[in-house]
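Asker: For reference, the structure I am asking about is given below.
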Amino acid sequence: MRPARWVTLLLLALLALVQAQMWLGRASVADVAALRLQVAEAEQANEAARQRNERLAAEVRDLREGLETVEEIARQELGMVKPNEIFVQFQRPGVGSAASGAAPAAR
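Listed below in structure tokens is the structure:
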């Protein structure tokens, strides 16, 4: 065989090896696509966590700065009522005693 033919065969073999690595080996095209998908999912999770952290930081700031927020939370979650204050609770139609299984009040 002539030397030019050996060089051509060697170059073709190297090209085949490089192509095999690109499509089948470590860091192949499929691996890169999967990693890009993982990065996109992680960025979405980070954005959701960042927004949640901002909401929590705003709530903490409100709790530190004013008693109105503390009072509002105490009223909503703990049922706080001030002295000389009357607690009135409104119920939507269809929600309440009939839905909870209690008997309706007699008239």
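With this note's numbering applied, the sequence shown covers 2 to 108.
From the three backbone atoms N, C-alpha and C, an ideal C-beta is built for every residue, glycine too.
Could you tell me the boundaries of the alpha helix (DSSP H) in which residue 4 lies?
Answerer: Per DSSP, residue 4 belongs to the alpha helix (DSSP H) from 4-25.
Asker: In chain order, what residues of the same chain have a beta carbon less than 6 angstroms from the beta carbon of residue 108, not counting five sequence neighbours either side?
Answerer: In this prediction, residue 108 has a pLDDT of 45, which is less than 50 and means its spatial position is unreliable; nothing more can be read from the coordinates.
Asker: Round the Cβ separation of residue 30 and residue 24 to the nearest angstrom and send it over; I've been treating them as touching at under 8 angstroms.
Answerer: Yes, residue 30 and residue 24 are in contact; Cβ-Cβ is about 6 angstroms, under 8 angstroms.
Asker: Taking only the alpha-carbon atoms, compute the straight-line gap between residue 79 and residue 68 and give it to the nearest angstrom.
Answerer: Cα to Cα, the separation comes out at about 15 angstroms.
Asker: Measure the C-alpha to C-alpha separation of residue 41 and residue 49 and round it to an integer number of angstroms.
Answerer: Each residue's Cα considered, the two are about 13 angstroms apart.
Asker: Kindly indicate the opening and closing residues of the alpha helix (DSSP H) around residue 93.
Answerer: Looking at the DSSP string, residue 93 is not in any alpha helix (DSSP H), and its letter there is neither H nor E.
Asker: Ordered along the chain, which non-local residues of its own chain (more than five positions away) have a Cβ less than 6 angstroms from that of residue 1?
Answerer: As shown, the chain starts at 2 and ends at 108. That puts residue 1 outside it, with no answer to give.
Asker: Quick one: which unbroken beta strand (DSSP E) runs of 3-plus residues sit fully inside the region 25-52? Chain order, please.
Answerer: Here no run is fully enclosed.
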